[in-house]
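Mind the numbering: the sequence shown is residues 69 to 377 in our numbering, read in order.
Have a look at the structure below before the remarks.
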Amino acid sequence: MGNESWGCGGNMTPEYYAGEYRRYATFCKNYPGARLKKIASGANSNDYRWTEVLMRDIPLGQMWGISLHHYTIPKNWGDKGSATQFDEREYFSALKSCLEMENLINRHSTIMDKYDPNKRVALVVDEWGIWTNVEPGTNGAFLYQQNSMRDAIIAGTTLNIFNNHADRVKMAELAQTVNVLQAVILTKGRQMLLTPTYHIFDLYKVHQDAKLLPVQLSAPDYGTGNDKLSAVNASASQDASGAIHISFVNIDPNKEVTIRTALSGATWKTITGQVLTSGRFTDINTFEKPDAIVPAVFKGAKKREMNWW
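As structure tokens, this is what we get:
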């Protein structure tokens, strides 16, 4: 109900919005076979007070969810940076901004837990992804940007965060899908290509409607000096057939990482895998070479004793 009501959606205070939401939600009726899932217009990134007021002032029974918006900005809002022309310093900055999603979800969830310990209300991250400057020569209002290997790494990392918080983050989506921001599809006339982000979503669909498995991960650092990030992030789930799926993302563009995985109490007969990678984090799919970045069969998995591979 509403969109970014703290800004372009009305410049409201959280107290005012909560009152308007309650009035509007009262008259949004459920009908047989058409039950409404009412979602409140939630916070902008780290505006924790907004979440506090809405959770305090809106009855839990009037909300299915509360939204959260956070974009990955490589440089700054005035000059977000190029989608294709960037160095490792800017790459690192983008990943650092992306990984802030973990902190945001933890802190917003803590506030929600105070009013909703049974997690009835979903945290809905309905705007996320990387936002760069538009491509040169395009209409600035259309927000058209290319999609690189960096974007695939950001997509996988963010989806891992969402998966690991599935008890509270019950819904999340890119606000755009075609030709805008972190698009999964780019078009030119009658041509269409699948972006690296598309392939990440295709790889991660195995986690949908599956059972979350907790992951304990020890990984090397990536970065310089005191500014470091964990080089590897992961999420895991078990589907209805019993198959276990583990998704790893290596954000370090300079080093390969050997993963050793212990599955306590689990047994298996076969191991299969896919990998999405490219020589440079600036690599993209183009209309001339639409399959430059596509998933490939990963043949490096080996089963060892004690359920290690």
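In this text, a Cβ means the ideal position worked out from N, Cα and C, and glycines have one as well.
Just so we're clear, the structure is a prediction, and the values are computed from it rather than from any experiment.
For residue i, which residues from the same chain have a beta carbon less than 8 Å from its beta carbon, with the 5 sequence-adjacent residues on both sides left out?
| i | result |
| --- | --- |
| A23 | No information on residue 23 is available, as it lies outside the stretch 69 to 377 that the chain covers here. |
| C76 | none |
| S305 | N231, V274, H275, A278, K279, L280, L281, I312 and H313 |
| K187 | M180, D181, D235 and R236 |
| V246 | V252, I253, L254 and T255 |
| R175 | N114 and Y116 |
When we look at the beta-carbon of residue i and count the other beta-carbons within 10 Å, is it buried (16 or more) or exposed?
| i | result |
| --- | --- |
| D320 | buried |
| V252 | buried |
| N231 | buried |
| T328 | A small correction: the amino acid at residue 328 is Arg; Thr does not occupy that position in the sequence shown. Result: exposed. |
| W376 | Low per-residue confidence applies at W376: pLDDT is 39, beneath 50, and the placement is therefore not dependable, though the value from the model is reported in the following sentence. Classification for W376: exposed. |
| T265 | buried |
| Y159 | buried |
| Y92 | exposed |
| A86 | buried |
| V121 | buried |
| A162 | buried |
| L191 | buried |
| A102 | exposed |
| K367 | exposed |
| L128 | exposed |
| D219 | buried |
| G257 | exposed |
| V343 | exposed |
To the nearest angstrom, report how far apart residue i and residue j are at their CA atoms.
| i | j | result |
| --- | --- | --- |
| L281 | D307 | 10 Å |
| V365 | D115 | 42 Å |
| Y290 | V300 | 9 Å |
| L211 | L242 | 14 Å |
| E83 | D125 | 8 Å |
| P358 | V189 | 41 Å |
| K106 | G341 | 39 Å |
| T225 | V325 | 16 Å |
| G70 | I361 | 38 Å |
| W145 | G310 | 45 Å |
| I221 | R348 | 12 Å |
| G293 | S165 | 18 Å |
| P287 | D295 | Residue 287 is actually Ala in this sequence, not Pro. About 16 Å. |
| W196 | H138 | 5 Å |
| M169 | Y272 | 18 Å |
| G133 | L261 | 34 Å |
| F154 | S346 | 16 Å |
| V363 | N322 | According to the sequence as given, residue 363 is Pro; it is not Val. Looking at the two C-alpha atoms, the distance is approximately 20 Å. |
| N171 | V202 | 28 Å |
Excluding sequence positions up to five away, which residues of its chain have a Cβ less than 7 Å from the Cβ of residue i?
| i | result |
| --- | --- |
| T152 | Q214, S216, T350 and I352 |
| T200 | P142, K148, G149, S150, A151 and Q213 |
| F80 | In the sequence as presented, Phe is not what sits at residue 80; that position holds Met. Within the same chain, M80 has close Cβ partners S73 and W74. |
| D89 | The question names Asp, but residue 89 is Tyr in the sequence shown. Result list for Y89: M69, A108 and I126, in chain order. |
| L167 | T225 and L297 |
Within a Cβ cutoff of 6 Å, which residues of the same chain sit near residue i, ignoring the five residues on either side of it in sequence?
| i | result |
| --- | --- |
| Q259 | F355 |
| A240 | V193 and F230 |
| G104 | In the sequence as displayed, the identity of residue 104 is Leu instead of Gly. These residues qualify, in order along the chain: C96 and N98. |
| V248 | L211 |
| Q130 | A93 |
| S177 | R236 |
| H233 | I173 |
| A223 | T265 and I268 |
| S113 | H138 |
| Q183 | The question names Gln, yet the displayed sequence has Tyr at residue 183. Cβ within range, chain order: M123. |
| A111 | W118, T119 and L136 |
| I198 | T140, D219, I222 and Q250 |
| E156 | none |
I'd like to know whether the C-beta of residue i is nearer than 8 Å to at least one C-beta of chain B.
| i | result |
| --- | --- |
| V274 | Here chain B cannot be found, since the structure has a single protein chain. |
Quiz prompt | Whole runs of the beta strand (DSSP E) within the segment 244-309, excluding any shorter than 3 residues | solution = Listed in chain order, the complete beta strand (DSSP E) runs (minimum 3 residues) inside the segment 244-309 are 253-256, 259-262, 279-281, 289-292, 295-298 and 300-306.
Self-check item: Entirely enclosed beta strand (DSSP E) segments - the segment 97-171, minimum 3 residues
Solution: 107-112 and 133-140
Quiz item: Between the segment 199-213 and the segment 331-344, are three or more C-beta pairs nearer than 8 Å?
Solution: Because the criterion of three Cβ pairs below 8 Å is not met, the segment 199-213 and the segment 331-344 do not touch.
Quiz item: Mind pulling the alpha helix (DSSP H) runs of 4 or more residues that sit fully within the segment 309-359?
Solution: none
Quiz item: What beta strand (DSSP E) runs, 3 residues minimum, are completely inside the segment 169-216?
Solution: When DSSP assignments are scanned along the segment 169-216, the uninterrupted stretches of beta strand (DSSP E) that are 3 or more residues long and fall wholly within it turn out to be 190-198.
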